[in-house]
Amino acid sequence: MSVSTADYASSVPIAWCPGCGNFAILNAVKKSLSELDLPPDRVVICTGIGQAPKLPHYLRVNTFNGLHGREIASAIGIKLAANDLTVIVHAGEGGAYGEGGNHFLHAIRRNMDLTVVVHDNLNYALTKGQASPTTPAGTVKRLQPEGVASQPLNPLALAISQSCSFVGQGTSARADLLAGLLKAAIRHRGFSLVHILQTCPSWDRIHTPQFYKEHCYELGEDYDPQDRDAALRLVMTPEDRHPLGILYLEERPLYNESALHEIEQPLRGRLVEPETADQVLKQLAAKTK
Ligand SMILES: Cc1ncc(C[n+]2csc(CCOP(=O)(O)OP(=O)(O)O)c2C)c(N)n1
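In terms of the numbering used here, the sequence shown has 220 at position 105, counting the first letter as 1, and numbering is strictly consecutive.
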């Protein structure tokens, strides 16, 4: 089979602002899925609410577009029912780390075979640029005219410290590197976080494409992503220098294989006879007496 980016093409008009970093991410998503030879009917993209979550509207692909901050929860449900499909989440950093922060933490612990792509534009773009969990402290916003008082979250350090089995970073300003990173994350068996430093020309005039080109660097071949201390040092460095590539890798058992090892075929393919369900309920009732 040979899948091309045209197989993912949609005719829905794009509603992002001109120059938005999401365009580069959308192109990289199409490129990665076609280069992995994944046909659209084998892929599900789960999103919530926001500018980033509009991404699957512009693709011909299976989609579950649910609540803001609940994109990982819907992906977990879909993966449990259909573990033969490739399930990918796209979220803004607000949805992933703010409203959905609790889901993010516990999904790392479970290590299901999911890819979570976070478009981090350092603000809540859809609702007009309020501060988000990663907005640098002191940034002046319309709702924070004195500057943001809270410290920003460090999602990479958080993920690495919690043994997230794949942690990668890219930027929309280096579109040339994005598809390769997405492909590695999708191929990885386990929970993959791809954090993308995304430019937002409407609400952030500081973090321009030029800014990220100057402040990002590619990890060299001598970098060992299995060295957790080195990875943590890399992402805890206070300097405004952002490493690009695979930052951390850890082999861990999959949730599907440990907790649900008896499931050999996708749940959606299993026929449950009404009398079987009745027996299961009776057994459960007997156990809880
Ligand atoms: C639980 C909940 N909280 C807040 C909102 C309002 N809301 C919708 S989108 C959004 C901002 C989205 O920001 P982000 O997730 O970072 O994505 P972006 O638009 O920046 O891509 C907010 C605050 C909501 N719909 N639901």
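All C-beta atoms in this analysis are idealised placements derived from N, C-alpha and C, irrespective of residue type, glycine included.
Where residue i and residue j are concerned, what is the direct C-alpha to C-alpha distance, given to the nearest angstrom?
i    : j    : result
L141 : L148 : 11 angstroms
W131 : G184 : 20 angstroms
E336 : R175 : 36 angstroms
L347 : N177 : 36 angstroms
P381 : A197 : 5 angstroms
M351 : V395 : 49 angstroms
H376 : Y370 : With a pLDDT of only 49 at H376, under 50, the local geometry of the prediction cannot be trusted, and the value read off the model is given with reservation. If you take the alpha carbons of H376 and Y370, they lie about 8 angstroms apart.
Y239 : M116 : 40 angstroms
D83  : P155 : A question about residue 83 goes unanswered here, because the residues of the chain that appear run from 116 up to 404.
G216 : T403 : 33 angstroms
T242 : T120 : 31 angstroms
I203 : G295 : 16 angstroms
V309 : T391 : 41 angstroms
G384 : D152 : 24 angstroms
L170 : E208 : 14 angstroms
Comparing the CB of residue i with every heavy atom of ligand 1, is any distance shorter than 7 angstroms?
i    : result
I301 : no
K247 : Reading off the sequence shown, one finds Ser at residue 247, where the question assumed Lys. True, at least one ligand heavy atom lies under 7 angstroms from that Cβ.
E208 : yes
L312 : no
Q166 : yes
G184 : yes
T242 : yes
Y338 : no
N217 : no
H172 : no
N236 : yes
Tell me the DSSP bridge mates of residue i?
i    : result
Q245 : Y239
Y363 : V282
T230 : I203 and S307
E390 : None, per the DSSP bridge assignment.
I405 : Lying outside 116 to 404, the shown extent of the chain, residue 405 is not represented and no answer is given.
P340 : Its beta-bridge partners do not exist; DSSP assigns none.
Y332 : P358
K404 : K404 pairs with nothing; no bridge assigned.
Q259 : K256
A124 : L174
L312 : D235 and T286
Am I right that residue i and residue j are in contact with their C-beta atoms under 8 angstroms? What's the rounded C-beta distance?
i    : j    : result
G213 : S247 : 6 angstroms
R367 : G305 : 6 angstroms
L237 : H322 : 6 angstroms
E333 : L359 : 5 angstroms
I160 : D235 : Actually they do not touch by this definition, with Cβ atoms about 18 angstroms apart.
A206 : P168 : 6 angstroms
L271 : L362 : 6 angstroms
T230 : I164 : Between I164 and T230 the Cβ distance is about 20 angstroms, and since that is not below 8 angstroms, they are no contact.
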